[in-house]
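Engineer: If you scroll down you'll find the structure; I have some questions about it.
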Amino acid sequence: MNSTTITSEILLQNIQPILSLGFAGFLLAILLTPIYTRFAYKYHWWKKPRKESLTGEKAVVFQKLHNEKHKRHIPTMAGLVCIIAIAAITILFNFDRRETWLPLATLLLFGGLGLVDDLSNVFLRSDKRGGLTPKTQIAALVALSALGSWWFYEKLGYNAIALPYFGDVTIGVLYIPLFILVVVATSKSVSITDGLDGLAGGLLAMAFGVFSVLSLLQGNFMLASFCCTVVGVMLAYTWFNIHPARFFMGQTGSTALGAVLGVVAMLTNSLFLLPIIGCIFVVEAGSSIVQVFSKKVFKRKLLLSAPLHHHFEAIGWPETKVTMRFWILGQVAGVLALLIAVLGGFVVL
């Protein structure tokens with residue numbers, strides 16, 4: 006378990022550069038946004054709304070809830086702004102082979118996959134939702150995650166997971182499939198959650214904020230700076246994405262940032278904190294899985310619409326109410342995760 010003792014003097018010395026990179030990420034993303042919006046609106050990067058549910062029938066409830074939103078022609082692929090801003094700050098001021106190049110490589114590779122999905126969604130003419138098929142998405146996510154798992158296991162020697170209060174447990178080669186599962190699941194969960202104005206952006210800012218603090222307490226200062234950079238960029242994105250959204254991050258952003266969240270969890274050896282920090286992502290993905298299972302097995306829906314945030318909309322909650330309450334739950338979960346990290350031995354103060 007990564008539990009290096011860090012003195013208060015060392016913490017204070019590193020807080021300033023960490024926060025500075027967070028501010029730099031926020032400022033750069035704000036500056037890049039007008040460039041993106043000029044191209045997005047000029048070339049009509051409109052996102053096609055889904056017309057079918059996860060099991061293939063018409064998504065009647067979803068269309069009723071969001072038909073008006075998509076009539077406004079809101080562009081997608083704003084994740085490009087996030088990726089460029091994070092990558093630029095990291096390469097220029099915070100590149101480190103031990104701590105930041107793996108999250109950076111993940112950001113770029115998974116961002117590329119998400120970009121292909123978004124481009125096919127925007128430009129391929131179809132009456133159905135465009136984009137890569139679910140099977141193609143999963144296959145590509147598994148392939149990229151397998152590459153990362155091999156690097157962690159063979160090159161970095163990762164073969165154990167940390168359990169709260171018990172320390173490290175060696176799992177050997179099982180680390181490889183576990184890594185793949187974590188990164189794929191986290192990436193897909195963030196993509197599923199990205200369905201309301203401001204929801205995913207705000208939750209990602211909170212999650213990376215927690216990992217920034219956790220990395221700082223572990224002595225991984227450059228990783229803490231990377232996470233803080235992501236926080237700054239996500240706050241800038243959320244500034245424009247809150248209701249009514251001016252644009253969406255698309256698969257370009259959600260696929261990449263979700264995967265990075267999983268990789269950071271593995272880098273900090275805090276896998277068992279990840280479901281707490283990202284509890285809303287877990288619940289959102291879980292609600293979709295349960296909905297599909299119920300419809301396939303019992304031939305009935307448990308929710309009016311999946312994932313869960315659409316169910317709350319369907320029962321009458323305003324979109325902003327769902328978003329802000331999920332933000333609150335994300336904040337509470339983040340504090341709980343840090344408390345467990347300290348008490349459970351993930352860090353030593």
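When you line the sequence shown up against the working numbering, it's residues 6 to 354, in that order.
Backbone N, C-alpha and C define an ideal beta-carbon position, used for all residues, glycine too.
1. So L279 and A270 are supposed to be a Cβ contact under 8 Å. How far apart are they, rounded?
2. Leaving out five residues before and five after N19 in sequence, what residues of the same chain have Cβ atoms less than 6 Å from its Cβ?
3. Once you ignore the five residues that flank D173 on each side, which residues in its own chain have a CB closer than 8 Å to its CB?
4. With DSSP as the reference, please indicate the residues paired to I166 in a beta bridge.
5. In three-state terms, what does DSSP make of P249?
6. Can you tell me which of the three DSSP states W51 falls into?
7. Should the segment 179-186 be regarded as contacting the segment 220-238, the criterion being three or more beta carbon pairs within less than 8 Å?
8. Would you tell me roughly how many angstroms separate the C-alpha atoms of R305 and S259, rounded to the nearest one?
9. To the nearest angstrom, how far is it from the Cα of M329 to the Cα of G136?
10. Only counting runs of 4 or more residues, tell me where the alpha helix (DSSP H) segments fall wholly within the segment 281-331, in order along the chain.
11. Short of 7 Å in beta carbon distance, which residues of its chain neighbour L112, apart from the five on each side in sequence? Order them along the chain.
12. Taking a contact to mean a Cβ-Cβ separation below 8 Å, would you say M82 touches A45 in this structure?
13. Determine the direct distance from the alpha carbon of G283 to that of I15, and round the result to whole angstroms.
14. Provide the residue span of the alpha helix (DSSP H) that contains K193, from first to last.
15. Can you tell me the Cα-Cα spacing of T175 and G162, whole angstroms?
16. Can you tell me which of A29, L24, I94, H314 puts its alpha carbon nearest to the alpha carbon of A205?
17. Would you decide whether I294 is buried or exposed? Buried here means 16 or more other CB atoms lie within 10 Å of its CB.
18. Which residue marks the beginning of the alpha helix (DSSP H) containing I88, and which one marks its end?
19. If you compare alpha carbons, which of S150, V238, E318 is closest to L107?
20. Alpha carbon to alpha carbon, how far is Q336 from R102?
21. How would you call S13, buried or exposed, if buried means at least 16 neighbouring beta carbons within 10 angstroms?
22. Can you check whether the CB of I285 is closer than 8 Å to the CB of F253?
Structural biologist: This is what the structure holds:
1. Position 274 of the sequence shown, counting from 1, holds the residue named residue 279. Position 265 of the sequence shown, counting from 1, holds the residue named residue 270. Right, their Cβ atoms sit about 4 Å apart.
2. Here residue 19 refers to the residue found at position 14 when the sequence shown is read from its first residue. Answer for N19: F226, listed in chain order.
3. Your numbering for residue 173 matches position 168 in the sequence shown. Here the set comprises M6, A165, I166, A167, N274.
4. Stepping through the sequence shown from its first residue, residue 166 is reached at position 161. DSSP output for I166 lists V174 as bridge partner(s).
5. The residue labelled residue 249 in the question sits at position 244 within the sequence shown. P249 falls in the coil class under three-state DSSP.
6. As a working mapping, residue 51 is identified with position 46 in the sequence shown. In this structure, W51 counts as strand in the three-state DSSP scheme.
7. no
8. Here residue 305 refers to the residue found at position 300 of the sequence shown. Here residue 259 refers to the residue found at position 254 of the sequence shown. In a straight line, the C-alpha of R305 is about 30 Å away from that of S259.
9. Counting from one through the sequence shown, the residue named residue 329 turns up at place 324. Counting from one through the sequence shown, the residue named residue 136 turns up at place 131. C-alpha separation (whole angstroms): 29 Å.
10. 284-302, 313-319
11. Counted from its first residue, the sequence shown places residue 112 at position 107. For L112, where only same-chain residues beyond five positions count, the Cβ hits under 7 Å are I88, I91, A92, A261, V265.
12. Position 77 of the sequence shown holds residue 82. Position 40 of the sequence shown holds residue 45. The answer is yes: Cβ separation under 8 Å.
13. Start at 1 with the first residue of the sequence shown, and residue 15 comes out as number 10. Start at 1 with the first residue of the sequence shown, and residue 283 comes out as number 278. So the alpha carbons of these two residues sit roughly 29 Å apart.
14. Along the sequence shown, read from residue 1 onward, the residue named residue 193 stands at position 188. Taken as a continuous stretch (DSSP letters only), the alpha helix (DSSP H) holding K193 covers 180-198.
15. Here residue 175 corresponds to residue number 170 of the sequence shown, with the count starting at 1. Here residue 162 corresponds to residue number 157 of the sequence shown, with the count starting at 1. Cα-Cα distance, rounded: 11 Å.
16. Along the sequence shown, one-based indexing puts residue 205 at 200. Selected option, being the one with the closest Cα: H314.
17. Walking along the sequence shown from the start, residue 294 turns up at place 289. I294 should be labelled exposed.
18. For this step, residue 88 is matched to residue 83 along the sequence shown. Taken as a continuous stretch (DSSP letters only), the alpha helix (DSSP H) holding I88 covers 84-98.
19. Within the sequence shown, residue 107 is the residue found at index 102, counting from 1. Of the candidates S150, V238, E318, the one whose C-alpha sits nearest the C-alpha of L107 is S150.
20. The sequence position of residue 336 within the sequence shown is 331, counting from 1. The sequence position of residue 102 within the sequence shown is 97, counting from 1. In a straight line, the C-alpha of Q336 is about 31 Å away from that of R102.
21. Within the sequence shown, the letter at position 8 stands for residue 13. That one is exposed.
22. The residue given as residue 253 occupies position 248 in the sequence shown. The residue given as residue 285 occupies position 280 in the sequence shown. No. Outside cutoff.
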